[in-house]
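Participant: The structure is given below, and queries will be raised subsequently.
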Amino acid sequence: MATAKEELSVVVRELGLDKQNKATLGRLLAHGRLAHAEEGPDGRMRAQVRIALDELAWDPAIIVMPHAGDLELEVINDDDNTHCALFPSNGDNQFMWLVNHSRGTASLNLDGPGYYWFSSPIGNDEGRGLVGAIVVLGDVPQEARLDRPPQPQP
Amino acid sequence: MATEYVDAGRAVNQSTLSFGVGSAPPVARDVTYERILNARSEPQNWLTYYGAYDGQRYSPLDQINTENVKDLRPAWVFQAGTQGLHAGPSTYSFEATPIVVDGVMYVSGWDGWVWALDARTGQELWRHKHAIPYDVSLCCGNVNRGVAVAEGKVFVATLNAHVLALDAETGKLVWDTVHGDVRAGESATVAPLVVKNMVIVGSSGGEFGVRGHLDAYDIETGERVWRCYMIPKPGEPGSETWPAEGEAWARGGGNCWVTGTYDPELNLLYWGTGNPAPDFDGEVREGDNLYTDCVIAVNPDNGEIQWHYQYTPHDLWDYDSNMENILFELGGRKLLGHFDKNGYFFVLDRTNGELVRVAPFVDRITWGEIDADGKVTPKVYPENEGEPVHFWPGPAGGKEWTHAAYSPKTRLFYAPVQEAGSTVTRRRREFKESIPYWGAGVAVDLTDLYGYVGAFDPTNGKEAWRWRNEVPMCASVLATGGDLVFAGAPTGEYNALNARTGELLWQFQCGSGHHSSPTTYSVDGRQYIAVPVGWGAWTEGFLPSMLGAPAGDALFVFALPE
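Taken in sequence, the protein lines are chains P and G.
Quick note: to get the numbering used here, add 90 to the position in the first sequence (first position is 1).
Quick note: to get the numbering used here, add 273 to the position in the second sequence (first position is 1).
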């Protein structure tokens, strides 16, 4: 029996799919909190993401940027195990080593709308749940859009 | 008690955790428009997408020839692999054309990768990674067809429809211009073309009902110089080929996702355009649908269309005409040759677009017929809702986007040919921005397939020889002064054929299928053949019977023993 769409997160929680070694071995991707990056007076956006104890998950799992640009991301490992981070950024992916109880910073540039995955690319951290998304809202500049009347949306 | 954290510092570029050098020699500083104009006079290099503006994909290099090609072996291999999650995880493919300048190779990969490599050893000199959204609209896989190099910069179009200029010595960003609207379903996969002080870039997204365009950007600043739409607005020339009522024109497709050719004497760009949208439901877009499925001759100084020739008017079979228009001379005439998806080989007078000759280059054509005067008669097409129709060639075409070659030495064209049909059932759908807009269900044949490399004589359009393969041939061919034609197969073999007879002279199994455009160059007097290998992209469209074939991401470079 399928669930209604709005019940998905509830059912995922009830079944234990958002926990380690409950319904499945690991945790279903990107089930967790969402946080909005805050824009500073310098135009740079800032956010924080952490790895909680024994959860093998990013918290928040979804970081929302209100528009394309630069994101200063504080990264904290509160786990008793070592992980790392691989973030998307224009120019090159950004890598950070995260020993137990460590804290660092990643400077990211994402130049257009869409969502971008980040992860901990060691062992099978990604499979166990250490995958998150950075969501960039907004539109491309007006001059890059097609010269046509507004079109129907999905 | 507050946690005392270990300082993890700042995240670092992933490339610093590799063995890359981090910089390349300043060879690209001296790549000028004048040098690209005369690219064939420096055969040690492959300076521009097709090797030269004429699109011939021919190199005069002859160190590797019919006598010694049997000794060809890998000199080095470059592999990138993937890390983390990226767009199109099942469809990434290595489709690029390696550019080589004085011992440095510049090549793009899938998902925003660009590398500079030592062309003699394969050593990574630098890398650049553009962040590509996971959810970008891609009809045909996570691919990129190559870069352009000039004035110390490397130019690349990205899947999220940006155009970048990179410093050719460091790979660092010089400028970044937004080229299209990802929310509208646009993307970019084309290899840019440098002409004069501009970099010319087309758009992708024809399967999502966008309005195709070709743009020119200033190579120093990235500012747009002009934009030329492939679908005219109401009242503009060509608009009479679209329904007068409604907005079919606004979502009509005609994208320019393959690099064009250029005649500097006539000062004309020859750019192929893509299918109309929706691909298979012509009832919602009555008319010829200009400028879809055309070659357009464009003045690069202002982006104006000087003339056009439409290979498939009112396309109902997904027969894009993006594929190369190869410039050549015959009997004192300035001509162009084009192998179209519709199965016909066209020769046009490139001064005015007049048809000189048209002849079939595939064995099976059932969609319709084009007579010697160019008159098109459709025969089989998706006409009635829900009624399946089968036709040859299928939507991948008798030849896909991958390129033919022309040897001025043998005066023959060489084309990779696909013999595969398809069943299409018209299924009307409502247009919604960014959602696929095909107007049909499509099932490409899984059996009764084959392919070949064909040699064609442009004086009569007839086949001079063919080298037959068990499955369709889906990779660009390369012709050389050593009287060789190189062609990769979907089953992984890289083949060298005698350009005069089609005899198979050498073969190497690369471990994954070919869907790219190999090039040749030399360093310190040694000739190399560079072959990006990696099966993927829209395999469901051109060869679904090999959807389970091994993927790959290797750049093989072959040479004779030292």
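Backbone N, C-alpha and C define an ideal beta-carbon position, used for all residues, glycine too.
Since this is a predicted model, take the numbers as computed values, not measurements.
At least one CB of chain P closer than 7 Å to the CB of L432(G): is that the case?
Facilitator: no
Participant: At 3 residues or longer, what runs of the beta strand (DSSP E) sit wholly inside the region 312 to 371 of chain G?
Facilitator: 346 to 352
Participant: From S614(G) to T565(G), what distance separates their C-alpha atoms?
Facilitator: Note that residue 614(G) corresponds to Lys in the displayed sequence, not to Ser. Spanning the two alpha carbons is a distance of roughly 13 Å.
Participant: Tell me which residues of the region 702 to 736 of chain G have at least one Cβ-Cβ distance to chain P shorter than 8 Å, keeping chain order.
Facilitator: E703, F704, K705, E706, S707, I708
Participant: Beta carbon of A570(G), beta carbon of Y592(G): below 7 Å?
Facilitator: Going by C-beta atoms, A570(G) is not nearer than 7 Å to Y592(G).
Participant: Return the first residue and the last residue of the beta strand (DSSP E) that R308(G) is part of.
Facilitator: Element bounds for R308(G): not the beta strand (DSSP E) but the alpha helix (DSSP H), 306 to 310.
Participant: Looking at the secondary structure, which residues open and close the beta strand (DSSP E) in which G610(G) lies?
Facilitator: 606 to 612
Participant: Am I right that R484(G) and A521(G) are in contact with their C-beta atoms under 8 Å? What's the rounded C-beta distance?
Facilitator: Wrong, their Cβ atoms sit about 11 Å apart, outside the cutoff.
Participant: Taking the continuous beta strand (DSSP E) assigned at D622(G), which residues delimit it?
Facilitator: 617 to 622
Participant: Using a Cβ cut-off of 8 Å, which residues of the region 547 to 569 of chain G contact any Cβ in chain P, in chain order?
Facilitator: When C-beta distances to chain P are compared with 8 Å, every residue of the region 547 to 569 of chain G stays at or above that value.
Participant: Contact check, S789(G) vs A421(G) under 8 Å by CB: the rounded distance?
Facilitator: Contact flag wrong, Cβ pair sits at about 17 Å.
Participant: Are the beta-carbon atoms of D169(P) and I152(P) separated by less than 7 Å?
Facilitator: Not a contact, by the Cβ cut-off of 7 Å.
Participant: Cα-Cα, which of L685(G), V726(G), Q583(G) is closest to G754(G)?
Facilitator: For the residues L685(G), V726(G), Q583(G), the minimum Cα distance to G754(G) belongs to L685(G).
Participant: Going by DSSP, which residues form a beta bridge with V717(G)?
Facilitator: S695(G)
Participant: In or out: G734(G) buried (at least 16 other Cβ within 10 Å) or exposed?
Facilitator: buried
Participant: Assuming T565(G) is part of the beta strand (DSSP E), what are its boundary residues?
Facilitator: Unbroken run through T565(G): none, as it is neither H nor E.
Participant: Report the neighbours of A287(G) on chain P: residues whose CB is nearer than 9 Å to its CB, in chain order.
Facilitator: One point to set straight first is that residue 287(G) is Gln, not Ala, in the sequence displayed. Neighbours of Q287(G) on chain P, chain order: L176, D182, N183, Q184, F185.
Participant: Any beta carbon from chain P within less than 7 Å of Y278(G)'s own beta carbon?
Facilitator: yes
Participant: Can you round the beta-carbon distance between I492(G) and M471(G) to whole angstroms, since I take them to be within the 8 Å contact cut?
Facilitator: Confirmed, Cβ separation roughly 6 Å.
Participant: Quick test of the definition: if touching needs 3 or more C-beta pairs under 8 Å, does the region 462 to 482 of chain G touch the region 407 to 423 of chain G?
Facilitator: yes
Participant: Restricting to Cα atoms, I'd like to know which of G775(G), G786(G), V447(G), R799(G) is closest to A728(G).
Facilitator: Per the Cα distances, G775(G).
Participant: How many angstroms separate the CA atom of M378(G) from the CA atom of E442(G)?
Facilitator: Approximately 12 Å, taken between the alpha carbons.
Participant: Which partner residues does E442(G) have in the DSSP bridge list?
Facilitator: In DSSP, E442(G) forms no bridge with anything.
Participant: Find out if the Cβ-Cβ distance for the pair A748(G), Y687(G) is shorter than 7 Å.
Facilitator: no
Participant: Which same chain residues, not among the five before or five after V257(G), have their C-beta less than 6 Å away from its C-beta?
Facilitator: The structure shown does not extend to residue 257(G), since chain G is modelled only from 274 through 835, so no value can be given for it.
Participant: Please list, in chain order, the chain G residues whose beta carbon lies closer than 9 Å to that of H191(P).
Facilitator: Here the neighbours are T276, E277, Y278, V279.
Participant: Count the C-beta pairs between the region 372 to 388 of chain G and the region 302 to 321 of chain G that are closer than 8 Å, then say yes if the count reaches three, no if not.
Facilitator: Output reads yes: the region 302 to 321 of chain G touches the region 372 to 388 of chain G.
Participant: Using a Cβ-Cβ distance cut-off of 7 Å, determine whether T172(P) contacts chain G.
Facilitator: no
Participant: For a contact defined as C-beta to C-beta under 8 Å, what are the partners of L446(G) on chain P?
Facilitator: N180, G181
Participant: Taking its Cβ as the centre, do 16 or more other Cβ atoms sit within 10 Å of R606(G), making it buried, or is it exposed?
Facilitator: Counting Cβ neighbours within 10 Å, R606(G) comes out exposed, since fewer than 16 surround it.
Participant: Using a Cβ cut-off of 7 Å (strictly closer), state whether Y407(G) contacts chain P.
Facilitator: yes
Participant: Just curious, the alpha helix (DSSP H) that V100(P) is in, first and last residue?
Facilitator: 98 to 105
Participant: Quick one: which chain G residues come within Cβ less than 7 Å of R238(P)?
Facilitator: Ordered by position in chain G, the residues that pass the 7 Å Cβ test against R238(P) are R484, A523.
Participant: Since L163(P) and T195(P) should fall inside the 8 Å C-beta cutoff, what is the C-beta to C-beta distance between them, to a whole number of angstroms?
Facilitator: Indeed, because the Cβ distance is near 7 Å, the residues count as touching under 8 Å.
Participant: Could you tell me which chain G residues have their CB closer than 7 Å to the CB of D229(P), listed as they occur along the chain?
Facilitator: Within chain G, the residues placing a beta-carbon under 7 Å from that of D229(P) are R456, ordered along the chain.
Participant: Report, in whole angstroms, the separation of the C-beta atoms of A175(P) and L188(P), which I expect to be a contact under 8 Å.
Facilitator: 6 Å
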